[in-house]
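*Asks:* In this text, residue positions in the sequence shown follow this note's numbering: the first is 12, and each later residue adds one.
One structure, as structure tokens, below. Some questions next.
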Amino acid sequence: MNKIVVTGGAGFIGSNFVHYVYKQRPDWQIIVLDALTYAGNKQNLEGLDTNRVSLVEGNICDNKLVDNLVSQTDAVVHFAAESHNDNSLQSPWPFVQSNIVGTYTLLEAVRKHNKRFHHISTDEVYGDLELDDPNKFTDKTPYNPSSPYSSTKAGSDLLVRAWVRSFGVKATISNCSNNYGPYQHVEKFIPRQITEVLEGRTPKLYGTGEQVRDWIHAEDHSSGVLTILENGKIGETYLIGADGEKNNKEVVELILKLMGKDITDYQHVNDRPGHDMRYAIDSSKLRTELGWTPKYTNFTEGLKQTIEWYKNNPNWWKPQKTETEAKYAKVGQ
Ligand code: NAD
Ligand code: DAU
């Protein structure tokens, strides 16, 4: 394998994956297929040799374009999606279109051209856990998504499974927990709070802030995906997680502490309707069967580096900030 299409490669995790593969596999060619929605940014790919990484601006629902690109490649790694739960509550249609119809369009192309496919999904397809539940999500946990976003991701996973079973498509799936790191849009929890502090305002916690997320650095997600792409068993689902459970209040307090502020200097805002309480990943299958381990096991260290990145890159995030905060203000968040 030395030529891959990365859908959504100009977004947060997709671009982290492109940078990772660029370094780890110097003989690979990477074609990024990205519609450059509000979440995609060409700047995320700056500095990469354009002889090795090319950007095709286009939509994964465009079957002619997709068919043509897939025919020229060895494998497709599929990150492109509408990814933000809060947006899905205001306007679900783009989620159905990109996450379900887009995945269907790619599946039909890899089926026709008999290409390897890796589908990126989320732990949210499994619903949520109680705070005191001793169990974590595994690939055997029943699907029980809560939001329009997570239900469209669940739908896309099921399409992939059906295309494997019915048509013999050579696909794998990974379901990962909450990512953090560079290039994450300021609508998401961690960059929103960092940039609020940088702009002299206070972090905003939804509801009580007791909700737990299982944080993983985007570079560890990337190494997990590359491991599965190269060594995963066709038809299998692997969960990617780094044992990073923290509640939202703890994360806000840590951001304030690392940025030299009073740790009580945050505000509670309106809760998210249907807010999932807790996600937790059991990644032992990926670790034992494929030998993967995460590099960022110290969340404080990873968060410090992420804060530095936002401090050093105001030109990257400032253009997104005003519009994002205006959207939140409308719903009291
Ligand atoms: P993101 O919103 O930052 O980026 C999504 C990218 O996909 C953008 O570049 C956007 O332009 C592109 N895109 C959207 N619709 C498209 C379309 N129809 N055609 C072509 N390109 C399109 O998202 P992210 O946070 O980087 O998430 C990437 C993937 O990882 C998604 O599939 C998401 O479900 C999954 N995931 C995310 C997380 C997380 O914590 N962010 C965790 C687990 C899984
Ligand atoms: O679990 C994986 C999922 O993680 C991915 O599939 C999604 O694409 C990704 O967006 C993320 O979903 P969440 O909804 O968990 O992430 P978000 O960053 O929106 O919120 C994280 C938590 O923080 C959640 O409990 C809501 C809360 N929150 C969020 C924002 C933006 C706040 O308390 N305040 C905020 O301002």
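The C-beta atom is built at its ideal place from N, Cα and C for all residues, glycine as well.
Quick caveat, the model's predicted, so the values are computed rather than measured.
Would you call the segment 300-308 in contact with the segment 176-187, where contact means no fewer than 3 C-beta pairs closer than 8 angstroms?
*Replies:* With a cut-off of 8 angstroms on Cβ pairs, the segment 300-308 is not in contact with the segment 176-187, counting fewer than three such pairs.
*Asks:* So the alpha helix (DSSP H) ASN27 belongs to, where does it begin and stop?
*Replies:* Locating residue 27 in the sequence shown gives position 16, where the first residue counts as 1. Per DSSP, ASN27 belongs to the alpha helix (DSSP H) from 23-35.
*Asks:* Examine chain B for any beta-carbon lying closer than 8 angstroms to the beta-carbon of ARG36, and answer yes or no.
*Replies:* No chain B appears in the structure shown, which is made up of a single protein chain.
*Asks:* Would you identify the three-state DSSP class for THR333, choosing helix, strand or coil?
*Replies:* Your numbering for residue 333 matches position 322 in the sequence shown. Reduced to three states, the DSSP call for THR333 is helix.
*Asks:* Taking the alpha-carbon positions, what's the LEU118 to LEU269 distance?
*Replies:* Looking up residue 118 in the sequence shown gives position 107. Looking up residue 269 in the sequence shown gives position 258. Taking the straight line joining both Cα atoms gives about 44 angstroms.
*Asks:* So, using beta-carbon positions, are ILE205 and ILE318 closer together than 8 angstroms?
*Replies:* In the sequence shown, the residue the question calls residue 205 occupies position 194. In the sequence shown, the residue the question calls residue 318 occupies position 307. Closer than 8 angstroms, so yes.
*Asks:* If you follow the alpha helix (DSSP H) that PHE200 is in, where does it begin and where does it stop?
*Replies:* Indexing the sequence shown from 1 puts residue 200 at position 189. First-last of the alpha helix (DSSP H) with PHE200: 200-209.
*Asks:* Taking 7 angstroms as the cut-off, is the C-beta of LYS53 nearer than that to any heavy atom in the ligand GTP?
*Replies:* With respect to small molecules bound, the structure shown includes the ligand NAD and the ligand DAU and not the ligand GTP.
*Asks:* Should GLY218 go down as buried or exposed, given a rule of 16 or more other Cβ atoms within 10 Å for buried?
*Replies:* Numbered from its first residue, the sequence shown carries residue 218 at position 207. With fewer than 16 Cβ atoms within 10 Å of its Cβ, GLY218 is classed as exposed.
*Asks:* Say yes only if the C-beta of LEU118 is nearer than 7 angstroms to one or more non-hydrogen atoms of the ligand NAD, and no if none qualify.
*Replies:* For the purposes of this step, residue 118 is identified with residue 107 of the sequence shown, where counting begins at 1. False, no ligand heavy atom lies under 7 angstroms from that Cβ.
*Asks:* Beta carbon of HIS95, beta carbon of GLU198: below 8 angstroms?
*Replies:* If you number the sequence shown from 1, residue 95 lands on position 84. If you number the sequence shown from 1, residue 198 lands on position 187. Cβ atoms of HIS95 and GLU198: closer than 8 angstroms.
*Asks:* For a quick check, are the C-beta atoms of ALA337 and LEU140 less than 8 angstroms apart?
*Replies:* By 1-based counting over the sequence shown, the position of residue 337 is 326. By 1-based counting over the sequence shown, the position of residue 140 is 129. No, the Cβ-Cβ distance between ALA337 and LEU140 is not below 8 angstroms.
*Asks:* Just curious, the beta strand (DSSP E) that ARG224 is in, first and last residue?
*Replies:* Mapped onto the sequence shown, residue 224 falls at position 213. Taken as a continuous stretch (DSSP letters only), the beta strand (DSSP E) holding ARG224 covers 223-225.
*Asks:* Could you spell out where the alpha helix (DSSP H) holding THR238 opens and where it closes?
*Replies:* Counted from its first residue, the sequence shown places residue 238 at position 227. Its alpha helix (DSSP H) spans residues 229-242.
*Asks:* Just grab the DSSP bridge partners of ASN258 for me.
*Replies:* Numbered from 1 along the sequence shown, position 247 holds the residue referred to as residue 258. According to DSSP, which records beta bridges pairwise, ASN258 is partnered with VAL223.
*Asks:* If we count Cβ pairs, one from each stretch, closer than 8 angstroms, do we get three or more for the segment 76-91 versus the segment 143-153?
*Replies:* The segment 76-91 makes no contact with the segment 143-153, as fewer than three CB pairs between them are under 8 angstroms.
*Asks:* Please find out if some non-hydrogen atom of the ligand DAU comes closer than 7 angstroms to the beta-carbon of SER94.
*Replies:* Here residue 94 corresponds to residue number 83 of the sequence shown, with the count starting at 1. Checking the Cβ of SER94 against the ligand DAU gives yes.
*Asks:* Here's a check: name, in chain order, each residue in its chain whose Cβ is nearer than 6 angstroms to the Cβ of ASN258, leaving out the five neighbours to either side.
*Replies:* Your numbering for residue 258 matches position 247 in the sequence shown. So the qualifying residues of the chain are GLU221 and VAL223.
*Asks:* Using a Cβ-based criterion (distance less than 7 angstroms to any ligand heavy atom), does ARG132 qualify as near the ligand NAD?
*Replies:* On the sequence shown, residue 132 is found 121 positions in, with the first residue counted as 1. A small correction: the amino acid at residue 132 is Ser; Arg does not occupy that position in the sequence shown. For the ligand NAD, at least one heavy atom lies less than 7 angstroms from the Cβ of SER132.
*Asks:* Check this for me: beta carbons of GLY246 and SER185, under 8 angstroms apart or not?
*Replies:* One-based indexing of the sequence shown puts residue 246 at position 235. One-based indexing of the sequence shown puts residue 185 at position 174. Not closer than 8 angstroms, so no.
*Asks:* Which of the three DSSP states is assigned to HIS129 in this structure?
*Replies:* Within the sequence shown, residue 129 is the residue found at index 118, counting from 1. Of the three classes helix, strand and coil, the one that applies to HIS129 here is strand, per DSSP.
*Asks:* In chain order, what residues of the same chain have a beta carbon less than 8 angstroms from the beta carbon of THR51, not counting five sequence neighbours either side?
*Replies:* Mapped onto the sequence shown, residue 51 falls at position 40. For the record, residue 51 in the displayed sequence is Gly; it is not Thr. Here the set comprises GLY19, ALA21, GLY22 and ASP45.
*Asks:* Between TYR194 and TRP328, what straight-line distance do the alpha-carbon atoms span, to the nearest angstrom?
*Replies:* Sequence index remark: in the sequence shown, residue 194 carries index 183 (1-based). Sequence index remark: in the sequence shown, residue 328 carries index 317 (1-based). Taking the straight line joining both Cα atoms gives about 8 angstroms.
*Asks:* Measure the C-alpha to C-alpha separation of SER161 and ASP60 and round it to an integer number of angstroms.
*Replies:* Counting from one through the sequence shown, the residue named residue 161 turns up at place 150. Counting from one through the sequence shown, the residue named residue 60 turns up at place 49. For SER161 and ASP60, the distance between alpha carbons rounds to 35 angstroms.
*Asks:* Between SER26 and the ligand DAU, is the CB less than 7 angstroms from at least one heavy atom?
*Replies:* Counted from its first residue, the sequence shown places residue 26 at position 15. No, Cβ of SER26 sits at least 7 angstroms from all heavy atoms of the ligand DAU.
*Asks:* To the nearest angstrom, report how far apart GLU135 and SER157 are at their CA atoms.
*Replies:* On the sequence shown, residue 135 is found 124 positions in, with the first residue counted as 1. On the sequence shown, residue 157 is found 146 positions in, with the first residue counted as 1. In this structure, the alpha-carbon of GLU135 lies about 8 angstroms from that of SER157.
*Asks:* Quick one: what's got a C-beta closer than 6 angstroms to GLU334's C-beta in the same chain, skipping five residues either side?
*Replies:* Along the sequence shown, read from residue 1 onward, the residue named residue 334 stands at position 323. Result list for GLU334: empty, nothing under 6 angstroms.
*Asks:* Does DSSP classify LYS306 as helix, strand or coil?
*Replies:* As a working note, residue 306 is residue 295 in the sequence shown. Three-state result, LYS306: coil.
*Asks:* Pull up the DSSP beta-bridge partners for GLU68, would you.
*Replies:* In the sequence shown, the residue the question calls residue 68 occupies position 57. ASP45, per the DSSP bridge assignment.
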